[in-house]
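Q: One structure is given below, represented as structure tokens, and several questions about it will come after.
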Amino acid sequence: MKATHSHASSGTIQPHFAVMSMVARPRWLGRVAWCIALSCGGVPVAMLFVPWQQNIKAAGRVLAFAPLEREQAIKAPLGGRVVRWRVQEGSRVLAGDPLVEISDIDPELISRLQQERNATQGKYEAAVEKVRSYEQQVANLVATRDLAVTAAMHRLEMTREKVRASSAALEAAQAALKAAEAQFNRYRALLDDGLVSRRDYEVAERDFELARTSVQSAEASLKATQNEQQAMEAELERIRTEADSRIDSARATMNEAQGQVQETLASLAKLDVAISRQQSQLVTAPRDGYVFRLHASQDGEIVKAGDSLMVLVPQTDNPSVELWIDGNDAPLVRQGSPVRLQFEGWPAVQFVGWPSVAVGTFGGRVALIDSTDNGKGQFRVLVVPDPADDPWPDSRYLRQGVRAKGWVLLNRVTVGYEVWRQINGFPPVIAPSEPAPGDGKAEESSKK
435 MKATHSHASS GTIQPHFAVM SMVARPRWLG RVAWCIALSC GGVPVAMLFV PWQQNIKAAG
495 RVLAFAPLER EQAIKAPLGG RVVRWRVQEG SRVLAGDPLV EISDIDPELI SRLQQERNAT
555 QGKYEAAVEK VRSYEQQVAN LVATRDLAVT AAMHRLEMTR EKVRASSAAL EAAQAALKAA
615 EAQFNRYRAL LDDGLVSRRD YEVAERDFEL ARTSVQSAEA SLKATQNEQQ AMEAELERIR
675 TEADSRIDSA RATMNEAQGQ VQETLASLAK LDVAISRQQS QLVTAPRDGY VFRLHASQDG
735 EIVKAGDSLM VLVPQTDNPS VELWIDGNDA PLVRQGSPVR LQFEGWPAVQ FVGWPSVAVG
795 TFGGRVALID STDNGKGQFR VLVVPDPADD PWPDSRYLRQ GVRAKGWVLL NRVTVGYEVW
855 RQINGFPPVI APSEPAPGDG KAEESSKK
């Protein structure tokens, strides 16, 4: 039984190998198979050493770089009723073009304000005239004081001359008295000796008495002139004091009138502001741009001062892209970092790792990085056009608000390293130009 079974099995296998040996296999098919096998194994290995551009992906929108050229609300300068719109949504306006007319609820308000201003203007002119009158009065009082003081000083000088003359007369009288006294004493001694006559003695005695009387008269005259000088000095001081008092009183009144002038000027300024606000019923465009939204209707809608009337999107020649990046990537981005941008509605083919072969993307540079996040852990990055790259699309296509995608370019590595980094979740490589933490201190210590 075993021999029979073995014989049957060998009989079945031999015809099978005979059929296989009869099939002819081409030699080139084997070569192709080997090439495919080598390609499948070698290409992935070679790809591991191909350069790869590390990047940070972000999304955002287009907006003007200058804050004043971004979307802004046009507000009502005063309360009133919307009468007529001069524009509609989508209209292009230039700076100074009329936008909307607003009328006050009280149509007679401007005329009443004008009447009040005219009355205040009259008060102002009267106050100015009053000030001029007081100024003239002060000038006259000053001139009168000067004349009175000059006359009093002349009289005082004359009195001083009298004092000097009286003093000189007193000195002369005293000298004459001294001479007469000496003569009298000499004659009295000679009379005792009998050398002069009694008549000569009596004449000498008379002259002595006359000299004494002259001295007394000169002293009285000097005293009188000195008293007169003191009176004139007091009179001069009285004239000055009274004149200064009148001048100060007039100046105080003049200052009060000047205060009234300033008050009326302030009232005029307030009225002018009120009239100007009421007359600014025609709201104009602050700059060139496009009307985005109208918030008030022209069917008599009442608005308050400060209410938003419309939204204006200014025209700008300095566009930028606002990108939002994650907080983990914020330390890797710095001012001047290169960025590739893809705008919504603009056909593009982007190769993230090989930006040089991308089509339809535009270059930019990081101009600003916010110092704090938006409350959600995201940081804003403003990107401006790169002057060394192709210009961005025209403002007709690149309007404010257009969404955009961005790739902040970092360092160049190999594909193998990037795959390994992605698998392990490591952060991208920091550019060599960026100092690592502590490098500055180490460098300073090495210099020391």
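Residues 435 to 882 in the numbering used here are what the sequence shown spells out, letter by letter. Virtual Cβ for every residue (Gly too), placed ideally from N, Cα, C. Since this is a predicted model, take the numbers as computed values, not measurements.
With a 10 Å radius around its C-beta and 16 neighbouring C-beta atoms as the bar for buried, classify Tyr568 as buried or exposed.
A: Here residue 568 corresponds to residue number 134 of the sequence shown, with the count starting at 1. By the neighbour-count rule (16 or more Cβ atoms within 10 Å), Tyr568 is buried.
Q: Can you tell me where the beta strand (DSSP E) with Asp760 in it begins and where it stops?
A: Stepping through the sequence shown from its first residue, residue 760 is reached at position 326. Note, Asp760: beta strand (DSSP E), Pro753 to Asp760.
Q: Within its chain, find whatever has a CB closer than 6 Å to the CB of Leu656; leave out the 5 residues flanking it on each side and keep chain order.
A: On the sequence shown, residue 656 is found 222 positions in, with the first residue counted as 1. So the qualifying residues of the chain are Ser600, Ser601 and Leu604.
Q: Hey, Leu611 and Ala645: beta-carbon distance below 8 Å or not?
A: Position 177 of the sequence shown, counting from 1, holds the residue named residue 611. Position 211 of the sequence shown, counting from 1, holds the residue named residue 645. A contact, by the Cβ cut-off of 8 Å.
Q: One question on the structure: do Gln749 and Gly779 come within less than 8 Å of each other, judged by their Cβ atoms?
A: Taking the first residue of the sequence shown as 1, we reach residue 749 at position 315. Taking the first residue of the sequence shown as 1, we reach residue 779 at position 345. Taking 8 Å as the cut-off, the Cβ atoms of Gln749 and Gly779 do not count as close.
Q: Who are the near neighbours of Ala764 in its chain, counting only those whose CB is closer than 6 Å to its CB and skipping five residues on each side?
A: Residue mapping note: residue 764 aligns to position 330 of the sequence shown, counting from 1. Phe813.
Q: Taking 8 Å as the cut-off, decide whether the C-beta atoms of Pro720 and Ala498 are in contact.
A: Here residue 720 refers to the residue found at position 286 of the sequence shown. Here residue 498 refers to the residue found at position 64 of the sequence shown. Taking 8 Å as the Cβ cut-off, Pro720 and Ala498 do not qualify as a contacting pair.
Q: Just to confirm the assignment, what range does the beta strand (DSSP E) spanning Tyr831 have?
A: Reading the sequence shown from its first residue, position 397 is the one you call residue 831. Premise fails: Tyr831 is in no beta strand (DSSP E) and is neither H nor E.
Q: Output the boundary residues of the beta strand (DSSP E) element that contains Phe726.
A: Taking the sequence shown and counting its residues from 1, one reaches residue 726 at position 292. Under the DSSP assignment, Phe726 falls in the beta strand (DSSP E) whose first and last residues are Gly723 to Leu728.
Q: Suppose contacts are defined by Cβ-Cβ distances below 8 Å. Is Gln663 in contact with Val583 by that definition?
A: The residue given as residue 663 occupies position 229 in the sequence shown. The residue given as residue 583 occupies position 149 in the sequence shown. The answer is no: Cβ separation not under 8 Å.
Q: Could you check what DSSP says for Ser742 in three-state terms: helix, strand or coil?
A: Here residue 742 refers to the residue found at position 308 of the sequence shown. It is a strand residue.
Q: Quick check: what's the CA-CA separation for Leu757 versus Gly798?
A: Working through the sequence shown from its first residue, we reach residue 757 at position 323. Working through the sequence shown from its first residue, we reach residue 798 at position 364. When rounded, the distance between both Cα atoms is 12 Å.
Q: Can you name the residues that DSSP bridges to Ile673?
A: For the purposes of this step, residue 673 is identified with residue 239 of the sequence shown, where counting begins at 1. DSSP lists no partner for Ile673.
Q: Helix or strand or just coil, what does DSSP make of Gly530?
A: In the sequence shown, the residue the question calls residue 530 occupies position 96. Correct three-state label for Gly530: coil.
Q: Let me confirm a value: Val853 is counted as buried when at least 16 other C-beta atoms fall within 10 Å, else exposed. Which label applies?
A: Numbered from 1 along the sequence shown, position 419 holds the residue referred to as residue 853. Exposed, because fewer than 16 other Cβ atoms sit within 10 Å of the Cβ of Val853.
Q: Might you give, ordered along the chain, the residues of its own chain that have their beta carbon closer than 7 Å to the beta carbon of Lys875, omitting 5 neighbours on each side?
A: The residue you call residue 875 lines up with position 441 of the sequence shown. Annotation note: pLDDT 42 at Lys875 (below 50); position unreliable, coordinate value reported separately. Excluding sequence neighbours, Lys875 sits near nothing in its chain.
Q: Going by C-alpha distance, which of Arg774, Ala801 and Gly734 is nearest Ser537?
A: The residue you call residue 537 lines up with position 103 of the sequence shown. Closest by alpha carbon: Gly734.
Q: So what's Ala876 in DSSP terms, helix, strand or just coil?
A: Sequence index remark: in the sequence shown, residue 876 carries index 442 (1-based). The predicted position of Ala876 is uncertain, since its pLDDT is 41 and thus under 50; a value taken from the coordinates is nonetheless stated next. Of the three classes helix, strand and coil, the one that applies to Ala876 here is helix, per DSSP.
Q: Is Val496 closer than 8 Å to Gln419 when the C-beta atoms are compared?
A: With the chain running from 435 to 882 in the structure shown, residue 419 is simply not present.
Q: Kindly indicate which three-state DSSP category Gly556 falls into: helix, strand or coil?
A: One-based indexing of the sequence shown puts residue 556 at position 122. Looking at Gly556 - three-state DSSP - the assignment turns out to be helix.
Q: Is Leu743 closer than 8 Å to Val534 when the C-beta atoms are compared?
A: In the sequence shown, residue 534 corresponds to position 100, counting from 1. In the sequence shown, residue 743 corresponds to position 309, counting from 1. Yes, they are a contact pair.
Q: Give the straight-line distance between the Cα atoms of Ala801 and Val562, rounded to the nearest whole angstrom.
A: Residue numbering aside, residue 801 sits at position 367 when the sequence shown is read from its first letter. Residue numbering aside, residue 562 sits at position 128 when the sequence shown is read from its first letter. Taking the straight line from one Cα to the other gives about 59 Å.
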